[in-house]
Every structure is written in structure tokens, then in C-alpha cells.
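Take 49 as the starting number for the sequence shown in our numbering and just add one per residue. Reading through the C-alpha cells given below for one structure.
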Amino acid sequence: MSELDGRKQVILRAVVVEYVTTAEPIGSQILTEKYPLGVKSATVRNELAEMAELGFLEQPHTSAGRIPSDQGYRYFVDRLIVEGDPSARARETIREATQEGDALQTLLTDATRALSRLTHLLTAATTLRGADVTVRNVLLSAIGPTQALLVAVFGNGHIENRMIDCPPGLSLDDIGKANELLAKHVAGTSVTGLSRLKSPATDCPPNLDAMLAQIWPALRSMAKEYTRGQIVMEGEEYLFAQPEFRRDFDALNQLLDFLQDSGAVYDALTDSADQTQTVRIGRENRPEPMRSLSVVRHRFFVGENEAGTIALIGPTRMAYEAGIPLVSLTARAISDALSKYAL
């Protein structure tokens, strides 16, 4: 990528800021009127033309002004961005959203919804496909004479549950003995170990054996479900409000079809380098339907262990200076909420 001199940097930043606000091509006249550039409109026009030749700007129509290219946004994010601190209202909104959820799924749903409403963009969160994550505890609870609820809590706060049919004659003492066996044979097991779990040899009465014969396959099913990874998304309706997509319904429909494939979206959001935070812009995204978008991602943790990713998804014309700090704030709040699961 070419280096820009000081004047071009100032002009590029002004173009990005104006285009993010207006969604209309930016000409030299508006830049000289709104920004203290210290040069005439003709000079700015020449600078815009030079930056277009270098690949930082594009001209959608011959008679129109310029808009940032993917390369222009990349230069802006890497070198020109001035991240602002989230407002007190935003901080309180994120704090409230990450304060109440005990289960990881609930926490992520509340957090992504809050972030989406603050930014008016699509948000998503994924949980890590972690075969090494351990089972924190497992509990069987009777909820009636014929059914019990089996709940497994994983080390990152993820919770899985299954309904179990109770054999006739099962007592609360039998439920207690089942929980003793679960504590002995399951708690502390890795997800990989859980997926291979076999029923231990016991001298339990027949009705409890019948119950255990349902519990072990249910636990293996939980492990299989967990290793798929989870994704939650909020704010798809905000895509309809973006001027880019109002002008191109084919692109919007293609994107909405892509978002229906949760596995493909999961892979797109988790395919990242080792950095805690990443920003992918336009054609840097591998899936074709996402190449009109930018994705700001930040990992969240349980203690020092990675647990998942929170992401802000919008057009390349997103407000990076406001969005990046909000994603970071949300990721930290999720990590703080999950700290109770750290061993």
C-alpha cells in the first residue's frame, strides 16, 4: 500500500468521515467548505484524483464525487482513525446487558442485542469449538413423577440440557445416587472425553440403571452439540436501512440468503488470525456475499482461555471510530461476566 503525505491523509480522513455520515459521493467543494484544508478547491480536486489513481478512492459516476475504496478504508482504520470513548449511556447499556445472564447463550443474546441497538448494525457472537473445554458440573433434577432435567455446565459458561424419562418407581434417593455418579465420572471431563463417555459399571437397582442408560447417551449428545459451536445474531433488520442495500436489492437478497446459513456465517466470523481484535473490510472477507461488508471482531475469554467472538457487521461505510471501541467494550464486559467460570 502506498504511503500518503500529510495533506492527502487529512483529505482522505475527511472523505471517509463525510461519506460515513452522508452515504453520498464527496466532492472538493464540500471538503473546502467544511474542513480547514488551507488550499483551494482545485487543489483538493487534484488530490482526490491522485488518490483515486493510487486506489484509495473510487468514483461511482463520471459526474460524481469520490467515495473511499476498500484500500482507503483500510488506510483509515490502520493509520488515521481516532477512536472515541463510548458514552456513559452506551457503557451502562452494555453493563446492564451483560449483568443478568447466567447461561452463556443468554449472555450473548443480550449483549449482541444491546450492541446492535447502539450501532444500528448487525451483530453476532460465536462460541468456541473447544474440545478441551471441561464440564464444570452436571446435575439431574426431578421435575415430576415421570421426567427429570439433565443440565451440564461447561467451563466457559455454556449450558446444555436434556429431558430424561423417569422409570417407574424411581425415588429421590435414586436421583441423588445418579448425581453422585455424575460428579464422580463426568465433572471435570473434557468435551472430547464426554463425547466418548461410556456407562460405568455399577450395582444400582434396575430402575436407576434404566435411568443411567438414558443419561450417558444424552451426555454424548451434549458434547456433539457443543463441538459444533454456537452463533447468535441480532439486528438483521438494520441491513434494510442501509442506503447501499436500498439501492441494490439483489445484493441485499444475496446477503440475507447467506445469513440464513449459520454454519457459513460461523466459519466466516471465526476464520481469523491470532489477534484479539480484527477488522476485515470489503474484499478482505472470503465469502462473496460479505465483500460489501466490514466486520469488526473481538474475542472474549473465560479467564485466560478464549471462549468466543463478538462481531459488528455492516457496510464498509460503517462508523469505525465509534464501532470499534463499542465492540471492544462489549467483549470486555462479556469476559468479565464469564470470569465466574474461570477455574
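For each residue, glycine too, the CB sits at the ideal point set by N, CA and C. Just so we're clear, the structure is a prediction, and the values are computed from it rather than from any experiment.
Return helix, strand or coil for residue i, following the three-state DSSP convention.
| i | result |
| --- | --- |
| ARG295 | coil |
| PRO373 | helix |
| ALA162 | helix |
| SER411 | Because the chain is modelled from 49 through 391, residue 411 falls outside the range shown and cannot be assessed. |
| GLU285 | helix |
| VAL280 | strand |
| LEU169 | coil |
| ARG114 | strand |
| GLN195 | strand |
| GLU66 | helix |
| VAL201 | strand |
| GLU51 | coil |
May I ask which residues mark the beginning and end of the beta strand (DSSP E) holding residue i?
| i | result |
| --- | --- |
| LYS190 | It should be noted that the sequence gives Ala, not Lys, for residue 190. Per DSSP, ALA190 belongs to the beta strand (DSSP E) from 183-190. |
| GLN410 | The shown model of the chain, from 49 to 391, leaves out residue 410, and the question about it has no answer. |
| ILE74 | Segment: none, ILE74 is in no beta strand (DSSP E) and carries neither H nor E. |
| THR357 | 353-363 |
| ASP213 | 207-213 |
Out of the options, point me to the one whose CA is closest to residue i's CA.
| i | options | result |
| --- | --- | --- |
| GLY283 | GLY86, PRO248 and LEU169 | LEU169 |
| LEU377 | SER117, GLU144 and TYR286 | GLU144 |
| MET281 | LEU197, ASP158 and TYR368 | ASP158 |
| LYS56 | SER340, ASN209 and LEU85 | LEU85 |
| GLY371 | GLN302, GLN325 and ILE382 | GLN325 |
| SER383 | ILE358, TYR368 and ALA367 | ILE358 |
| GLU51 | GLU131, ILE279, LEU303 and GLY120 | GLY120 |
| ILE142 | ALA379, VAL68 and LEU386 | ALA379 |
Counting along the chain, where does the alpha helix (DSSP H) carrying residue i start and finish?
| i | result |
| --- | --- |
| ARG347 | Per DSSP, ARG347 belongs to no alpha helix (DSSP H); it is in the beta strand (DSSP E), 341-350. |
| ASN94 | 89-102 |
| LEU267 | 254-275 |
| ILE223 | 220-233 |
| GLY311 | 310-318 |
| ILE142 | 136-145 |
For residue i and residue j, I'd like the C-alpha separation in whole angstroms.
| i | j | result |
| --- | --- | --- |
| ILE129 | SER243 | 46 Å |
| LEU163 | CYS214 | 42 Å |
| PRO134 | PRO373 | 7 Å |
| ASP221 | ASN185 | 19 Å |
| ILE207 | ALA200 | 6 Å |
| GLU106 | PRO363 | 16 Å |
| SER89 | THR80 | 6 Å |
Since residue i and residue j should fall inside the 8 Å C-beta cutoff, what is the C-beta to C-beta distance between them, to a whole number of angstroms?
| i | j | result |
| --- | --- | --- |
| VAL87 | VAL181 | The pair is not a contact, with the Cβ atoms about 58 Å apart (cut-off 8 Å). |
| GLU292 | SER340 | 7 Å |
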